[in-house]
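A short worksheet on the structure shown next.
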Amino acid sequence: MVFEQLERLLIEQGFGKVASNLPEFSFFFRVENTCVNVLYVIDYKQGLYITQDQYWHIRGRIQDFLQIKGHNDIHILSLLICEDIEKAKQFCLNDTFCWLIDSVRNKLLIYENQVLDFYGMKNILEEFLFDISQAPVEENGTSGAENSIRESFRSKCITMPWVNIILVAVNVILFIVCTFTDDLLYNIGTFGVMDLIENGEWNRIFTSMFLHSDIQHLVSNMLILYYIGNVVEKNIGHLPYMVIYFLSGLAGNIFSAGYELFTENYISSLGASGAVFGIEGAMLMLAILNRGKITEITAGRLAFAIAFSLYCGFTSSYVNNMAHIGGVLMGFAATGIFWLVFGNGKRRKYNK
């Protein structure tokens, strides 16, 4: 039974179970640093009838129970385990924090109005459901267990942020190449508006995104890109993430070119900072779209981090602040556009 296996999973993840006199209703909670995360699990069996009032009444009782225990910042996600999807969907359509688990196909269903993640539980639940899939023996003799392993591997390939990993690797490899070729790559790859106007070297708009002046420059950019980029790619998908990265780097260089022409202060610049700031802007937009929080980071904290990074740039020497501003604005705007145009379709593809 999915319900019993899910209970074991949540206990392994550090959740405590609260006993209930209604066997179809259970809730599990885990105390974080400043809040309590709750999974409200309903085993929505055939023949079970639940009204909207009963659903919300039990949620309210959970809230009251934890407040009595002294907790005030309480986040609740409902998980409905069901076979009749259309019957259970009524609760999801009226509750932003409600996901369905299709117990027939062992699939996690997240609809258009639902949060995309709940403190990392989306990936955990999807891998769990792949692992318990019991496919019948095929004609070629493949067992259900083997199919489950294959599906689990496929799921991890889908969710692995391999685009971000490749981008980080390319930046690191090119920096190593630069250390053995002196100024060769820098001479043909750094960006300056006069290189475009006088020489028509438009390739520099892109090549400069992968060059760094020294090891400190490389490490600071790649650490931010790796940790934030992984989260962003998992939430928006591989292709949109790659497009946002390059658009942000491009926007950063365009802002930089405009500033050079306006001030007549012509410089050469390099680095992935414009693209990295774009990924930070993308994460800020995702946090806003996810009701103010993504993973463990709030939109307010992200906005502060971006503002502080920009401030540090403006108070430091030899920093291309226009590239930072252009990148963060492009990443923020492009993510919003991707969400509006492609967001619903992507969720249906991966979650149904």
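Numbering (the numbering used here), first residue to last: 205 to 556. Ideal Cβ placement from N, Cα and C applies to all residues, glycine included.
#### Entry: One or two residues paired with residue 303 in a DSSP bridge
283
### Query
How many angstroms separate the CA atom of residue 455 from the CA atom of residue 242?
41 Å
#### Entry: DSSP bridge partner residues for residue 265 (one or two, in chain order)
The partner list for residue 265 (beta bridge, DSSP) is empty, contrary to what the question assumes.
### Range of the contiguous alpha helix (DSSP H) that encloses residue 213
206-216
### Message
If distances are taken between C-alpha atoms only, which option among 488, 493 and 524 comes closest to residue 508?
### Response
488
### Query
Going along the chain, which residues of its own chain have a beta-carbon closer than 7 Å to the beta-carbon of residue 381, five neighbours each way excluded?
389
#### Entry: As assigned by DSSP and simplified to three states, the class of residue 309
coil
### Task
Measure the alpha-carbon distance for residue 268 versus residue 307 and round it to whole angstroms.
30 Å
### Query
Do you know whose CA, among 396, 213 and 417, lies nearest residue 407's CA?
396
### Task
Could you check what DSSP says for residue 538 in three-state terms: helix, strand or coil?
helix
### Query
Which residues bound the beta strand (DSSP E) around residue 247?
240-248
### Task
Counting only the same chain and skipping the five closest in sequence on each side, list residues whose C-beta sits under 6 Å from that of residue 422.
379 and 416
### Task
Just tell me which of 249, 336, 477 and 444 has its CA closest to the CA of residue 424.
477
### Query
For residue 436, which of helix, strand or coil comes out of DSSP?
helix
### Task
Compute the distance between the beta-carbons of residue 320 and residue 434, then report whether it is under 8 Å.
no
### Message
Quick check: is the beta carbon of residue 381 nearer than 8 Å to any beta carbon in chain D?
### Response
The chain labelled as chain D is not found in the depicted structure, where only one protein chain is given.
### Task
Identify, in the order they occur along the chain, each residue of the same chain with its Cβ nearer than 7 Å to the Cβ of residue 466, setting aside the five sequence neighbours on each side.
none
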